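Listed in order, the protein sequences are those of chains A and B.
Its first residue numbered 1, the first sequence is counted upward by one per residue in our numbering.
Its first residue numbered 1, the second sequence is counted upward by one per residue in our numbering.
There are 2 protein chains.
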Amino acid sequence: MSVVLFDLACAQDERRFSPFCWRTRLALAHKGLEVETRPWRMVEKDAIAMSGQGKVPVIIDDGQVVFDSWTIAQYLEDTYADAPSLFGGGGPAAYEFIRNWADGVLLPFVARMAMADILSHLHDKDRSYFREVREAAFGATIEQVSADRDERIVEFRTRLEPLRRQFGAHPFIGGETPDYADYVVASIFLMSRAVSPFRLLAAGDVIGDWAERMLDVHDGLARATPGYAIWGSAGEA
Amino acid sequence: MSVVLFDLACAQDERRFSPFCWRTRLALAHKGLEVETRPWRMVEKDAIAMSGQGKVPVIIDDGQVVFDSWTIAQYLEDTYADAPSLFGGGGPAAYEFIRNWADGVLLPFVARMAMADILSHLHDKDRSYFREVREAAFGATIEQVSADRDERIVEFRTRLEPLRRQFGAHPFIGGETPDYADYVVASIFLMSRAVSPFRLLAAGDVIGDWAERMLDVHDGLARATPGYAIWGSAGEA
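Okay, here's the thing in structure tokens:
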């Protein structure tokens, strides 16, 4: 039986941008599980009411409902212990640090830079909800939040330095093969790729080579979804 | 038989500030190994010539010479596989990322801020060597390099945010007990503690609570060494 994943979608069903859903989707693939994704929109709170909260990712695995991407990752690691490890075969603590770095350092940059592009790709039913929630959080219009991205990108690329160092030694953050460390960081690039033609990486950045590899893993799972070419070659919707 | 560790020392034998030696020393303690540290100064290249290079840490373990802190960590993990794991029981890749973050983000800040204080604590025989090498690297005098630390510290504390997030869930970066992730990051704080009264952390920062815990681990190994109280209570030489 497939695992069901409620996965945040844009106007187009197959355009998925939530970084938290992306890391879950890649983790499910890592564990070799069959997945049925259900396109979900922010206002569809009823569809995930069984989880007792209002955000995705939510998975249903053989009747068991699990939410929160980090909780799901640990659930999958424990439940499918015989499948390849998400955490290098050991404890998840170091991976939690990488998650904290990705979500505390990278995500705020990318979320701001991509926000206007997210809005323009959202399903009609989500637009006013998204604008209201985000503008309250930022105290500015969505257009204002994304307006300075040509300046912000410079600092963002500097902040990627620890990642750049990693690829001197190995093709993936997790080493010779990708693991949850890769999924967490890639999920933020995949958010931007889904909705934004804005280039996160300069040409020739080794991180772009890794990002291309991440589009290919698990039978090209991410590459098969609609998105812009934000690294490597020319952009495409 | 004890493992021998060549450990960078100041004028005072027991004042140790090299972050790369500190992480090695804590890793040796983690593995429960008896250690004999040999205070070493930068100009004493002959003493470690058997390693084929000129930097510490260098260890001699039952006749085997190993250098480079990251190589040593992996050597210890493989050689003493039955002792508690440095890497959460799994592969080292995620820990390598934390090392890249610590050395790529934190260390450049702390090294600059502490540099004039390092110079003033060095053994006489190391001072001109240190000044020459560092001033060539920075293209400025050591005093100039450290002069703007009251401004730099603001940005440094912001950059610690992923670490702060980590301590919401666990007392150590490695989880419920410290591991190599903790040693790598703590080593940078221990460098500053050894030589500088400059406060790296604001009062009340949760990272200070962790730093205090790190002084206590392995029977107070770090706390027993000379240093300034750069977190927690008042400073002391």
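No residue lacks a Cβ here, since even glycine has one placed at the ideal position from N, Cα and C.
It should be emphasised that the depicted structure is a prediction, and the values quoted were computed from it without experimental measurement.
Give the C-beta separation of residue i and residue j to the nearest angstrom, bearing in mind that I take them to be a contact with Cβ-Cβ under 8 Å.
i: residue 241 (chain B); j: residue 123 (chain B); result: Here chain B comprises residues numbered 1 to 237, so residue 241 (chain B) is not present and cannot be evaluated.
i: residue 172 (chain A); j: residue 182 (chain A); result: 5 Å
i: residue 142 (chain A); j: residue 19 (chain A); result: Contact flag wrong, Cβ pair sits at about 18 Å.
i: residue 156 (chain A); j: residue 109 (chain A); result: 4 Å
i: residue 8 (chain B); j: residue 56 (chain B); result: 5 Å
i: residue 44 (chain B); j: residue 225 (chain B); result: Between residue 225 (chain B) and residue 44 (chain B) the Cβ distance is about 20 Å, and since that is not below 8 Å, they are no contact.
i: residue 184 (chain A); j: residue 23 (chain A); result: 5 Å
i: residue 86 (chain B); j: residue 73 (chain B); result: 6 Å
i: residue 193 (chain A); j: residue 227 (chain A); result: 4 Å
i: residue 119 (chain A); j: residue 127 (chain A); result: 7 Å
i: residue 297 (chain B); j: residue 88 (chain A); result: The question about residue 297 (chain B) has no answer here: the residues shown for chain B are numbered 1 through 237.
i: residue 54 (chain A); j: residue 60 (chain A); result: That belief does not hold up - the Cβ atoms of residue 54 (chain A) and residue 60 (chain A) are roughly 16 Å apart, past 8 Å.
i: residue 136 (chain A); j: residue 191 (chain A); result: So it is not a contact: roughly 21 Å between Cβ atoms.
Under a CB-based cut-off of 8 Å, is residue i close to chain B?
i: residue 19 (chain A); result: no
i: residue 161 (chain A); result: yes
i: residue 169 (chain A); result: yes
i: residue 72 (chain A); result: no
i: residue 238 (chain A); result: No statement about residue 238 (chain A) is possible, as the shown extent of chain A runs from 1 to 237 and does not include it.
i: residue 217 (chain A); result: no
i: residue 196 (chain A); result: no
i: residue 224 (chain A); result: no
i: residue 173 (chain A); result: yes
i: residue 98 (chain A); result: yes
i: residue 91 (chain A); result: yes
i: residue 4 (chain A); result: no
i: residue 14 (chain A); result: no
i: residue 235 (chain A); result: With a pLDDT of 45 at residue 235 (chain A), under the threshold of 50, the modelled position of that residue is not reliable, and the figure given next carries that caveat. Not one chain B Cβ lies under 8 Å of residue 235 (chain A).
i: residue 232 (chain A); result: Any reading at residue 232 (chain A) is ruled out, since the residue's pLDDT is 49, under 50, leaving its predicted position unreliable.
Let me see if you follow: with CB-CB separation under 8 Å, is residue i close to chain A or not?
i: residue 101 (chain B); result: yes
i: residue 183 (chain B); result: no
i: residue 95 (chain B); result: yes
i: residue 156 (chain B); result: no
i: residue 188 (chain B); result: no
i: residue 87 (chain B); result: yes
i: residue 8 (chain B); result: no
Opposite residue i in the DSSP bridges: which residues?
i: residue 152 (chain B); result: DSSP lists no partner for residue 152 (chain B).
i: residue 198 (chain A); result: Answer is none; residue 198 (chain A) lacks a bridge partner.
i: residue 172 (chain A); result: A:175
i: residue 37 (chain B); result: B:5
i: residue 16 (chain A); result: A:9
Mind checking if residue i is an interface residue toward chain C, Cβ cutoff 8 Å exclusive?
i: residue 105 (chain B); result: Looking for chain C here will not work: the only protein chains present are A and B.
Would the beta-carbon of residue i be found less than 7 Å away from any heavy atom of the ligand HEM?
i: residue 154 (chain A); result: This structure does not include the ligand HEM; it has no bound ligands of any sort.
Which parts of the segment 55-138 of chain B are runs of the beta strand (DSSP E), unbroken and 3 residues or longer, counting only runs that do not cross its ends?
58-61, 64-67
For the structure I just gave you, are there three or more beta carbon pairs, one from the segment 46-66 of chain A and one from the segment 65-77 of chain B, closer than 8 Å?
no
For the structure I just gave you, are there three or more beta carbon pairs, one from the segment 74-82 of chain A and one from the segment 73-91 of chain B, closer than 8 Å?
no
Please confirm if the segment 92-106 of chain A is in contact with the segment 157-166 of chain B, defined as three or more CB-CB distances below 8 Å between the two stretches.
yes
Three or more beta-carbon pairs under 8 Å between the segment 29-44 of chain B and the segment 145-155 of chain B, yes or no?
Taking 8 Å as the limit for Cβ pairs, the verdict is that the segment 145-155 of chain B does not touch the segment 29-44 of chain B.
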